[in-house]
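Some notes on the structure that comes next.
In our numbering, the protein residues as written are 1 to 287.
As structure tokens, this is what we get:
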């Protein structure tokens, strides 16, 4: 399946069932809308209200993530329709989804904590904030240049290492989601040797190439959409509500369904022939 076919399928897929699309959008809208309502009505955030908001946020998050797993599963099974919403199943799959993310990223998190600690990054940050507290927006004129340069250098080092770790662990994680969907097993999603085998069957070049291309295209679209949404959020309460609705239905719902569908289609490439132009091997010398 070509990249253009995958993208075309992915962009059309969320609208296969408009009713389900709307229901998912409402679920995505529920938590931020409740937060806005509580804020604009002037109600004090009591412990009870905060607890309710947290519970609603967690449950809706688990449902949405679990539904994404259902989409990947139906896609792997060559089903072109949006799966039905099964709250219990979606919540359980959402918990599995979250556990896989935590398992994969526990090592990068530990590495980043050690790096930040060894670089004394927090100490430098606190020192700069001390100047900011004392001098306000003019803190830059009073902060030693050596401290600022040292802080920025460490900040860039942390960003670079963080991006590298993200890419390294994201490559197997995405296949892990597919294996969770296919086998309904967290253990299957953590079997690195089997994941590497799946990627080889897809083709390393094709897999990484498709992910990069899809990421760039989606990133560009979301960038401009977020600019519009961000601008609207500055237009008073009505603008904030409209931007929240757009964010829930476009960013969370549409692209959530799109990404899950595309991920399942990419995983199914392992059952197709590898594109010879992407994973080309020269013929052996017959002489």
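For every residue, glycine included, the Cβ atom is placed at its ideal position computed from N, Cα and C.
Could you check where the alpha helix (DSSP H) with residue 266 kicks off and where it finishes? Here the alpha helix (DSSP H) through residue 266 covers 255-267.
Answer yes or no: do residue 112 and residue 94 have a C-beta to C-beta separation smaller than 7 angstroms? no
With H, G and I counted as helix, E and B as strand and the rest as coil, what does DSSP make of residue 214? helix
Given residue 182 as reference, the closest of 85, 8, 264 and 60 once Cα atoms are compared: 264
If contacts are defined as beta-carbon pairs under 8 angstroms, then residue 56 and residue 31 qualify, I think. What distance do you get, rounded to the angstrom? Their Cβ separation, rounded to whole angstroms, is 5 angstroms, which keeps residue 56 and residue 31 in contact under 8 angstroms.
To the nearest angstrom, how far is the alpha carbon of residue 146 from that of residue 235? 41 angstroms
Start and end of the alpha helix (DSSP H) containing residue 81? Run containing residue 81: none; DSSP gives neither H nor E here.
Alpha carbons only, please: which of 227, 27, 149 and 180 is nearest the one belonging to residue 260? 180
Residue span of the alpha helix (DSSP H) that contains residue 203, given as start and end: Run containing residue 203: none; DSSP gives neither H nor E here.
Starting from residue 9, trace the alpha helix (DSSP H) in both directions and tell me its first and last residue. Judged by DSSP secondary structure, residue 9 falls within the alpha helix (DSSP H) whose first and last residues are 3-12.
On the premise that residue 151 lies in contact with residue 128, defined as a C-beta separation below 8 angstroms, what is that separation, rounded to the nearest angstrom? At roughly 6 angstroms, the Cβ-Cβ gap stays under 8 angstroms, so residue 128 and residue 151 are in contact.
When the Cα atoms are used, what is the spatial distance from residue 368 to residue 14? In the structure as shown, the chain starts at 1 and stops at 287, and residue 368 therefore has no counterpart that could be examined.
Which residues bound the alpha helix (DSSP H) around residue 144? Per DSSP, residue 144 belongs to no alpha helix (DSSP H) and is neither H nor E.
Give a yes or no on whether the C-beta atoms belonging to residue 25 and residue 253 are separated by under 7 angstroms. yes
Own chain partners of residue 191 with C-beta closer than 8 angstroms, once the 5 adjacent residues on each side are dropped: Same-chain partners within the cutoff: 179.
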